[in-house]
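I have placed the structure first, in the form of structure tokens, so that the comments after it can refer back to it.
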Amino acid sequence: GAVVSQHPSWVICKSGTSVKIECRSLDFQATTMFWYRQFPKQSLMLMATSNEGSKATYEQGVEKDKFLINHASLTLSTLTVTSAHPEDSSFYICSARDIQKVTEAFFGQGTRLTVV
Amino acid sequence: GENVEQHPSTLSVQEGDSAVIKCTYSDSASNYFPWYKQELGKGPQLIIDIRSNVGEKKDQRIAVTLNKTAKHFSLHITETQPEDSAVYFCAASGNTGGFKTIFGAGTRLFVKA
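Respectively, the protein sequence lines represent chains A and B.
Residue 89 in our numbering sits at position 89 of the first sequence, and the numbers go up by one each step.
Residue 12 in our numbering sits at position 12 of the second sequence, and the numbers go up by one each step.
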């Protein structure tokens, strides 16, 4: 089946530093990847849509300069949380859409970010 | 944009009983409705999905129904087991919005042994 690998699974960083999270589709090509944020006991909130070779589309209220997204290849998208603050602490999850299966999306295992 | 509502937020059942989770969606253009199971500290796992040209789909103990006219879809789990305990999310996506997957608020299912 389709596998999406997200790395790291957890990270602790100091306030003011930047953190990069990778999302890879291992056995399929993904022209589109999505980044979600999930607070404890809440649903997944879409942050942005990442398209290979073009700029990401951000949802309303999401700061594009704070959450930098790069989708340089059909199998890799990265999310960089810049100048992280404690309120950025959250569970970040990516999903990737298989180029062959337009509607289905497969999720990574998530990254727990803690900013201290 | 699309909005997905999910009920109940919490559901507690006895092992062996059935569990039903209901969702409604707002965008009539949505045509794909996946259901995800999320365990603590993990990403969502697709358990079943249904497309708008189908009214019902079943996979062993799990079934999903879709009423396009009413914009309702439901998840049915029969013969529940303790390992079914998790958070379940319904979702909707479609041609509009670039096939973004919009999630419901989630249902925390407890199956008591």
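Think of the CB as a built atom: it goes at the ideal place given N, C-alpha and C, for glycine as much as any other residue.
Through-space distance from residue j to residue i, alpha-carbon basis
i, j, result
"M33/A", "C94/A", "7 Å"
"A119/A", "L26/A", "Outside the displayed span of chain A (1 to 116) sits residue 119/A, for which this structure offers no information."
"C13/A", "R37/A", "17 Å"
"K58/B", "H7/A", "34 Å"
"L75/B", "V13/B", "15 Å"
"D98/A", "A105/A", "7 Å"
"P86/A", "V116/A", "6 Å"
"W35/A", "H72/B", "26 Å"
"T75/A", "V19/A", "20 Å"
"S18/B", "Q100/A", "35 Å"
"F168/B", "V11/A", "Only positions 1 to 113 of chain B appear in this structure, which leaves residue 168/B out of reach."
Residue-chain proximity (residue i, chain A), Cβ-Cβ < 8 Å
i, result
"F103/B", "yes"
"F114/B", "The question about residue 114/B has no answer, for chain B in this structure spans 1 to 113."
"G106/B", "yes"
"S93/B", "yes"
"K57/B", "no"
"F110/B", "no"
"Y25/B", "no"
"Y88/B", "no"
"P44/B", "yes"
"K100/B", "yes"
Which listed residue (the options) has its alpha carbon closest to that of residue i
i, options, result
"R112/A", "K20/A, Y92/A, T82/A", "Y92/A"
"D27/B", "A70/B, G106/B, K42/B", "A70/B"
"Q6/B", "R108/B, S18/B, K22/B", "K22/B"
"N67/B", "S30/B, G16/B, A19/B, T80/B", "S30/B"
"T82/A", "Q29/A, R24/A, T103/A, D65/A", "D65/A"
"F89/B", "N3/B, S18/B, R108/B", "R108/B"
"E77/B", "S9/B, W35/B, Y25/B", "The sequence as given places Ile at residue 77/B; Glu does not occur at that position. Looking at the Cα atoms, W35/B is the closest of the given residues."
"T80/A", "F67/A, A30/A, S54/A", "F67/A"
"V54/B", "F33/B, G94/B, P82/B", "F33/B"
"A91/B", "I102/B, T24/B, D84/B, L46/B", "I102/B"
"E52/A", "S90/A, S15/A, D88/A, A30/A", "A30/A"
"K42/B", "I21/A, G61/A, S9/A", "S9/A"
"E63/A", "Q100/A, D88/A, S73/A, F28/A", "D88/A"
"A96/A", "S15/A, S43/A, T17/A, E22/A", "E22/A"
"R24/A", "S73/A, S90/A, K101/A, T114/A", "S73/A"
"D49/B", "D17/B, S93/B, G106/B", "S93/B"
Own chain partners of residue i with C-beta closer than 6 Å, once the 5 adjacent residues on each side are dropped
i, result
"A56/A", "A48, S50, I69"
"E56/B", "T65"
"K37/B", "Q45, I47, A86, Y88"
"F28/A", "A2, D98"
Spatial neighbours of residue i in its chain, beta-carbon cut-off 7 Å, leaving aside the 5 residues before and after
i, result
"E59/A", "L46, M47, A48"
"V111/B", "V13, E15, T80, Q81, P82, D84, S85"
"A113/B", "E15, P82"
"Q109/A", "Q6, S9"
"F39/A", "S90"
Chain B contact for residue i (CB, 8 Å cutoff)
i, result
"I93/A", "yes"
"A105/A", "yes"
"G61/A", "no"
Minimum Cβ-Cβ distance from residue i to chain E less than 8 Å
i, result
"S43/A", "Going by chain labels, chain E is absent from the structure shown, which instead holds the protein chains A and B."
Residues near residue i by beta carbon distance below 8 Å, same chain, minus five either side
i, result
"T17/A", "S83, A84"
"T114/A", "W10, V11, I12, C13, S89"
Starting from the N-terminal side, write out each stretch of the beta strand (DSSP E) that is 3 residues or longer and does not extend beyond the segment 76 to 110 of chain A.
Counting only runs that start and end inside the segment 76 to 110 of chain A, the beta strand (DSSP E) elements of at least 3 residues fall at 76 to 81, 90 to 97, 105 to 107.
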